[in-house]
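Have a look at the structure below, then the notes.
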Amino acid sequence: ARKDIEARTGRSVLTQKNSLDFSKLIEDVADKTEDDPT
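Per the working numbering, residue 1 is the first one in the sequence shown, and the count goes up by one each step.
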């Protein structure tokens, strides 16, 4: 999906800022899945 977006927009999807935001999102999701076993 990332390469598809990069091909369409002509620029990198992952920048320093959004990679930090993305890692925070992943942590939040991981925390939520630990809290909720379903």
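Note that CB positions come from ideal geometry on N, CA and C, so glycine has one too.
Worksheet item: Just the Cα atoms here: how many angstroms apart are Arg11 and Phe22?
Response: In the sequence shown, residue 11 corresponds to position 11, counting from 1. In the sequence shown, residue 22 corresponds to position 22, counting from 1. Their Cα atoms are separated by approximately 17 Å.
Worksheet item: With C-beta atoms as the reference, is Val13 less than 8 Å away from Ile5?
Response: Your numbering for residue 13 matches position 13 in the sequence shown. Your numbering for residue 5 matches position 5 in the sequence shown. It is a contact, given that the beta carbons lie within the stated cut-off.
Item to complete: Look up Thr9 in the DSSP assignment and say whether it is helix, strand or coil.
Response: Taking the first residue of the sequence shown as 1, we reach residue 9 at position 9. The answer is helix: DSSP assigns Thr9 an H, G or I state.
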